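Read in the numbering used here, the sequence shown has 349 at position 71, and its numbers run on one by one without any break.
Please read the structure below before turning to the comments.
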Amino acid sequence: MDAVKLRRAIARTRLAPVAAFPKRLVAVARHDARVLRTSARWLVASREHHNYTYELTKLSRSHLAWFVSVVCDLPVKQVRGYLKEIEADDALRQHIASATAGAARRGLADKQVRYARRVGWYAIVRARKPKHIVETGVDKGLGSCVLAAALLRNAAEGHPGRVSSIDINPEAGYLARVAPWSGVIDLVVGDSVESIGALDRPVDLFLHDSDHSRVYEKREFDAVEPKLAPGAILLTDNVTHTNVLADHAERTGRRFLAYRETPANHWYPGDGIGVAW
279 MDAVKLRRAI ARTRLAPVAA FPKRLVAVAR HDARVLRTSA RWLVASREHH
329 NYTYELTKLS RSHLAWFVSV VCDLPVKQVR GYLKEIEADD ALRQHIASAT
379 AGAARRGLAD KQVRYARRVG WYAIVRARKP KHIVETGVDK GLGSCVLAAA
429 LLRNAAEGHP GRVSSIDINP EAGYLARVAP WSGVIDLVVG DSVESIGALD
479 RPVDLFLHDS DHSRVYEKRE FDAVEPKLAP GAILLTDNVT HTNVLADHAE
529 RTGRRFLAYR ETPANHWYPG DGIGVAW
């Protein structure tokens, strides 16, 4: 009996799991070795302790372009142009690098500028041309700067807008305090639910990126619902952890779609973007 016939014969017996174990062990060991190498490099080379930054794989970027294309009803070629636009924004990249290097919290931030799924936020803002964005959860202000960069491009094309960036930490948003990006950013210090309730103008795009508990995420979406402009779009940066936005979309008669990113050369498995529109 040749080797192929022998393997097929064993596969039909009770010995099949035992015979397959070495091959399965090798597959797991190879996978774990790659993860351990990547993790070890990150521990030595990176300073970040949360809100990790990284590049996306080429395939993940392609899927993100199609995701935005579907949500915004635009040709995918146009969306790819937006993604290239943010990556080619040297002024923004240089600002983030220099502001990070000079910040008091530079010991907990990497010098390299990497946007990950935030480039999807940028493309959505470029596509939808919102007049008023509300972002909850600011941290360093990287996402705020990305949103502001899109708003500045929109304004140059005759579609001005602003972003209200809300965080309970008064030290948050140090990257977002420099012109021209600061010119379209209103940094709001306070509880996000209370701050949403105090808004005095309609919201065209809302992004949840603060307390990632189910209860608090729901409170934010419930609070912003009566503040939304007609045709507003809702985003969550917590889509791999909760189904809150999907439930909210179903309850309010909206469509919902989720994208999960794949980081390149990073131990973190990534998160994603949820959109209701």
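Every residue gets a Cβ at the ideal spot worked out from N, C-alpha and C, and that includes glycine.
All values reported here derive from a predicted model rather than from experimental measurement.
Is the distance from the Cβ of Y537 to the Cβ of F299 below 7 Å? Contact: no.
message: Extract the residue ranges of the alpha helix (DSSP H) inside the segment 291-345, only unbroken runs of 4 or more that lie entirely within it.
response: 294-323
With 16 other Cβ atoms within 10 Å as the buried cut-off, status of R406: buried
Should Y332 and A394 be called a contact, given that it needs their Cβ atoms to be closer than 7 Å? Taking the C-beta atoms as reference points, A394 is found nearer than 7 Å to Y332.
Could you give the first and the last residue of the continuous beta strand (DSSP E) run that contains S460? Per DSSP, S460 belongs to no beta strand (DSSP E) and is neither H nor E.
Among K409, E528, L430, K418, nearest to V481 - alpha-carbon criterion: K409
Runs of beta strand (DSSP E) wholly within the segment 388-421 (minimum 3 residues, chain order) = 410-414
Check your understanding: How many angstroms separate the CA atom of S347 from the CA atom of D487?
Key -> Roughly 22 Å between the two C-alpha positions.
| CA-CA distance, R290 and W545? | The straight-line gap from Cα to Cα measures roughly 38 Å.
Kindly identify the DSSP beta-bridge partner or partners of S376. Beta-bridge pairing links S376 to no other residue.
Please state whether DSSP places G385 in a helix, a strand or coil. G385 falls in the helix class under three-state DSSP.
The segment 427-441 contacting the segment 494-512, beta-carbon criterion three pairs below 8 Å: no
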